[in-house]
Amino acid sequence: MASLKVSVVGADQEVWSGTASMVVARTIEGEIGILPGHEPMLAILGDGEVRVTGEDGKKLTATAADGFLSVENDTVTIVAGNASLVK
Amino acid sequence: MGAQLRVYTQKIKSAQTTKKITKAMELIAASRIAKAQARVAASAPYSRAITRAVSAVATYSNVDHPLTTEPEKIERAAVLILASDRGLAGAFNSQVLREANELAELLRSQGKEVVYYLVGRKAVGYFQFRKRASEGQWVGESESPTFATAHEISAALLEKFSLDASEGGVDEIHIVYNRLVSMMSQVPEVTRLLPLEIVEGMEEPGDNAILPLYDFEPDAASVLDALLPVYIESRIFNALLQSAAAKHAATQKAMSSASDNADKLITDYTRLRNNARQAEITQQISEIVGGADALSSAK
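Chains as they are written, first to last, in numbering that gives the first Met the number 0: chain A, 0 to 86; chain B, 0 to 298.
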């Protein structure tokens with residue numbers, strides 16, 4: 000199965016990058032799940048919890064308040080001024 | 000020891016102490032450049048992502064945004080000057096201030112009023128000494144700027160930009176900062192931040208040149224609304240980081256030439272001291288010989 004290339008980017012550094020099978024984020028419109036093959040999209044994140052499910056099924060949560068989510072060619076970029084990983 | 004000799008020894012000592020200090024500052028600056036450059040590099044993915052997103056929205060929607068439209072008449076322009084908090088960096092601060100003055104003159108000749116926003120103690124001091132007014136000042140973190148400061152600066156500027164000129168707002172925002180070209184050269188750079196030049200093709204989107212047709216959520220206008228201020232913020236943050244890196248490079252260069260100068264002084268004074276010592280010895284010998292001659296002839 001195809002996979003997503005995900006990067007979580009903060010203002011002063013790239014917080015995390017890797018491959019994933021699914022990304023779930025909350026935009027200001029509501030929750031959205033992104034699987035490989037998703038159409039290109041640009042969305043504003045709400046209070047920004049982003050859940051990334053890795054290819055091996057490992058889950059990872061990042062916060063990205065007031066950020067953006069862009070999807071294209073199976074590349075997901077989550078951008079926020081203050082992005083961080085939740086342990 | 001002769002008086003002359005003592006004077007030279009003193010001067011050599013003082014040059015040696017100065018050299019110790021400048022050498023230490025040079026080494027400190029050298030170690031900080033790497034860190035500052037790493038910060039510039041680390042912030043690159045962010046500005047790249049933002050730039051790409053902005054060009055995507057601009058390419059695929061025909062939304063007019065107040066931040067991108069050129070006002071009919073520009074009455075007031077804001078100039079943001081990025082200097083440093085500390086001196087001892089050669090021409091770093093003076094060149095950026097000179098550039099800002101030239102820009103202000105140009106703007107005034109176009110009939111625009113100029114208001115200043117200052118970053119760095121050196122710029123603030125320069126303005127205070129000349130009793131010039133400034134609208135905003137940020138000091139204390141020019142060496143390692145944080146994103147919070149960039150956020151604060153851009154919030155202040157955007158607020159002014161959204162006001163009408165009659166209410167004290169500005170129609171144009173310029174930024175003057177030192178860009179790090181290489182370790183040896185830092186060039187003052189002037190860019191117009193707002194209104195944004197038409198974004199399309201502003202920066203190559205990267206490897207796959209054609210941007211896909213995006214789906215915007217909730218819609219293109221509100222995405223652009225949220226994106227543009229962030230874009231401005233990232234531009235300011237980038238300028239702050241560049242300026243910090245350039246400051247360290249300028250300090251290193253200035254301090255290394257100061258150390259060289261101290262070295263030269265030490266060599267010069269050592270020569271002079273040797274000369275003086277030799278002269279003293281010669282004089283003593285001739286005094287002794289003269290004395291001995293006088294004694295022997297007196298017998």
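We put the beta carbon where it would ideally sit given N, CA and C, even for glycine. Small disclaimer: the values here were computed from a predicted structure and weren't measured.
In terms of beta-carbon proximity, Leu59 of chain A stays away from the interface with chain B, with every pair separated by 8 Å or more.
The beta carbon of Val51 of chain A sits closer than 6 Å to the beta carbons of Val5, Ala19, Val22 and Leu59 from its chain, once the five residues preceding and following it are set aside; these are given in chain order.
Against chain B, the CB of Val78 of chain A has a partner CB under 8 Å away; the residue lies at that interface. For His173 of chain B, the enclosing beta strand (DSSP E) has its first and last residue at Glu171 to Leu179. For Ser20 of chain A, the enclosing beta strand (DSSP E) covers residues Glu13 to Thr26. Rounded to the nearest whole angstrom, the CA to CA distance from Gln283 of chain B to Gln277 of chain B is 10 Å. Three or more beta-carbon pairs drawn from the segment 234-248 of chain B and the segment 17-36 of chain B are found closer than 8 Å, and the two stretches are therefore classed as touching. Around Ser153 of chain B, no beta-carbon contact reaches into chain A at under 8 Å, the shortest distance being about 10 Å.
For Thr67 of chain B, no alpha helix (DSSP H) encloses it, and the DSSP letter there is neither H nor E.
Per DSSP, the beta bridge partners of Met40 of chain A are A:Val70 and B:Asp214. For Gln3 of chain B, the secondary structure class from DSSP, reduced to helix, strand or coil, is helix. Taken in chain order, the members of the segment 45-60 of chain B whose beta-carbon sits within less than 8 Å of a beta-carbon on chain A are Tyr45, Ala48, Ile49, Arg51, Ala52, Ala55 and Val56. Sorting B:His64, B:Ile287 and B:Gly135 by C-alpha distance to the C-alpha of Pro194 of chain B places B:His64 at the top. Taking C-beta atoms under 8 Å as the contact rule, Ala61 of chain A and Val8 of chain A fail to qualify, at a distance of about 10 Å. For Arg129 of chain B, no alpha helix (DSSP H) run applies, since DSSP gives it neither H nor E. The closest CA to that of Arg75 of chain B, considering only B:Leu106, B:Asn274 and B:Gln9, is found on B:Leu106. Proximity of Leu106 of chain B to chain A, defined by a Cβ-Cβ separation below 8 Å, is not satisfied. Going by DSSP, Gly86 of chain B is part of no beta strand (DSSP E) at all; its letter is neither H nor E.
Annotation for His150 of chain B: Glu232 place their beta carbon closer than 7 Å to its own, counting only its chain and skipping 5 residues before and after. Distance between Val75 of chain A and Ala43 of chain B, taken at the CA atoms: about 17 Å.
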